[in-house]
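The opening position of the sequence shown corresponds to residue 1 in full-length UniProt numbering, with each subsequent residue numbered one higher.
Note that the Cβ used here is the ideal one computed from N, Cα and C, for glycine as well.
One structure is given below, encoded as structure tokens.
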Amino acid sequence: MKRFKPMKRINGSIFIILLTLIADVLVIITSVFANDYVLNLFLRMFLVIFNIYQLYYILQFATLNYEIGEEMLKITSMFGLKQIKILLCDLDRYTKKSGDINAIKLSGYGVKRFAVGRCVFSNIGVVNMNVTWNENIFYIKTGNEVYGISPKDYSEFENELKKFGIKNDEIVVENKKVQKLYKDNYFRIPFFLVSIFIIIFLVRPIYLYYGGFIPKSMPLSFNVKFQPTVMGTSRDFVFKQIEYGLLNMALFFCMYYAAHLNAKYYKKSAYKYIYFSLAIIIIFLIIQQKILMKFL
1 MKRFKPMKRI NGSIFIILLT LIADVLVIIT SVFANDYVLN LFLRMFLVIF NIYQLYYILQ
61 FATLNYEIGE EMLKITSMFG LKQIKILLCD LDRYTKKSGD INAIKLSGYG VKRFAVGRCV
121 FSNIGVVNMN VTWNENIFYI KTGNEVYGIS PKDYSEFENE LKKFGIKNDE IVVENKKVQK
181 LYKDNYFRIP FFLVSIFIII FLVRPIYLYY GGFIPKSMPL SFNVKFQPTV MGTSRDFVFK
241 QIEYGLLNMA LFFCMYYAAH LNAKYYKKSA YKYIYFSLAI IIIFLIIQQK ILMKFL
């Protein structure tokens, strides 16, 4: 198989590294000066998840390669652990473009000069982008997928495509069937879990209050050592918990509609919204449980 290196792939890695450093510094400074338990917990969680996400795409840019052989085109990254295999017999056509990548990002990482992940173009549709620079981008169409790549030696790569009889022609957007998320267990199960957890989060303090299980004085906020900084009545505590529950409910509705908007183009990109809502309500439930165990 012939291997083709991507064009200027180091630029994407450098951009993500700089962005990561700036974000990390800002989060650390905020956590130092914000003496609030809930805020610091979310900042720490964000820092861990964000850095894992960033490291994944730094490595993906740094290790991306394209290979073409007698039977297939391969897009490899993560030291060969991640591979996209496209049979040459499935290739329908390709088109070559240069200039800013003007697309809506559904998943992955992307700006106007590079993109890795799923993007929606007005004139091409949904594209699985593996593009490290916005010059001589090949958009390659199979039966139901479009892939974007940016080989450094684009002339030789184009000759390889022509050698296998793949024509250079415009790619036309095809209307795809709307994805029904309510039939998908990867969406439906977390959806029901979020709904149940929000109900538990709202109902539990109300039940404890009317059952007389909550002391007259309860903490409303905590410092980073989980020591109370503001005290209030049991009623104040219940209203505080209801406020957090309603915020989670509002977030849940926003994530639900964002998921449906994304599912119109690429169903898997919709999952992250509902799982994000699930993660947030779980954290709030853990905090609520910790408060109740310590102060009841």
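Status (buried if at least 16 other CB within 10 Å, exposed otherwise) for residue i
{"i": "M78", "result": "exposed"}
{"i": "I29", "result": "exposed"}
{"i": "P151", "result": "buried"}
{"i": "T132", "result": "buried"}
{"i": "Q241", "result": "buried"}
{"i": "V238", "result": "buried"}
{"i": "I198", "result": "buried"}
{"i": "I206", "result": "exposed"}
{"i": "L21", "result": "exposed"}
{"i": "C119", "result": "buried"}
{"i": "V146", "result": "buried"}
{"i": "G99", "result": "exposed"}
{"i": "V116", "result": "buried"}
{"i": "G211", "result": "exposed"}
{"i": "F213", "result": "exposed"}
For residue i, the three-state DSSP class (helix, strand or coil)
{"i": "R113", "result": "coil"}
{"i": "K2", "result": "strand"}
{"i": "V173", "result": "coil"}
{"i": "K183", "result": "helix"}
{"i": "N11", "result": "helix"}
{"i": "G108", "result": "coil"}
{"i": "F164", "result": "coil"}
{"i": "E67", "result": "strand"}
{"i": "G148", "result": "strand"}
{"i": "I58", "result": "helix"}
{"i": "G80", "result": "helix"}
{"i": "T142", "result": "coil"}
{"i": "I86", "result": "strand"}
{"i": "N134", "result": "coil"}
{"i": "L18", "result": "helix"}
{"i": "I49", "result": "helix"}
{"i": "N40", "result": "helix"}
{"i": "I28", "result": "helix"}
Whole-Å CB distance - residue i paired with residue j, under 8 Å assumed
{"i": "Y66", "j": "I75", "result": "6 Å"}
{"i": "P190", "j": "I280", "result": "That belief does not hold up - the Cβ atoms of P190 and I280 are roughly 12 Å apart, past 8 Å."}
{"i": "K97", "j": "N168", "result": "Not really, about 11 Å apart at Cβ, beyond 8 Å."}
{"i": "F61", "j": "S13", "result": "4 Å"}
{"i": "F4", "j": "F138", "result": "No, F4 and F138 are not in contact; Cβ-Cβ is about 10 Å, not under 8 Å."}
{"i": "D90", "j": "G148", "result": "About 16 Å separates the two Cβ atoms, so there is no contact after all."}
{"i": "L43", "j": "V27", "result": "5 Å"}
Cβ-based neighbour list, residue i, same chain, cut-off 8 Å, excluding 5 preceding and 5 following
{"i": "F160", "result": "Phe is not the amino acid found at residue 160; the sequence shown has Glu there. Once the five neighbours on either side are set aside, the close Cβ partners of E160 are K2 and I68."}
{"i": "N262", "result": "L106, S269, A270 and Y273"}
{"i": "residue 298", "result": "Here the chain has residues from 1 to 296 only, and residue 298 is not among them."}
{"i": "R235", "result": "Y209"}
{"i": "N223", "result": "N35, D36, Y37 and T229"}
{"i": "K290", "result": "F226"}
{"i": "I282", "result": "F197"}
Cutoff 9 Å: residue i Cβ touching any chain C Cβ
{"i": "L246", "result": "Judged by its chain identifiers, the structure shown contains no chain C, having just a single protein chain."}
Beta-carbon proximity list for residue i, same chain, < 7 Å, skipping 5 on both sides
{"i": "F121", "result": "A103 and V127"}
{"i": "L88", "result": "E71, M72, L73 and F164"}
{"i": "K59", "result": "The residue asked about is misnamed: residue 59 is Leu in this sequence, not Lys. So the list reads M78, once near-sequence residues are dropped."}
{"i": "F252", "result": "V194, I198 and S277"}
{"i": "L202", "result": "I242 and G245"}
{"i": "F284", "result": "F201, Y244 and N248"}
Contacting residues, own chain, Cβ-Cβ under 6 Å from residue i (five flanking each side not counted)
{"i": "Y154", "result": "N136"}
{"i": "G125", "result": "V173"}
In chain order, what are the residue ranges of uninterrupted alpha helix (DSSP H) at least 4 long that sit wholly in the stretch 201 to 271? The stretch 201 to 271 contains these whole alpha helix (DSSP H) runs: 234 to 263.
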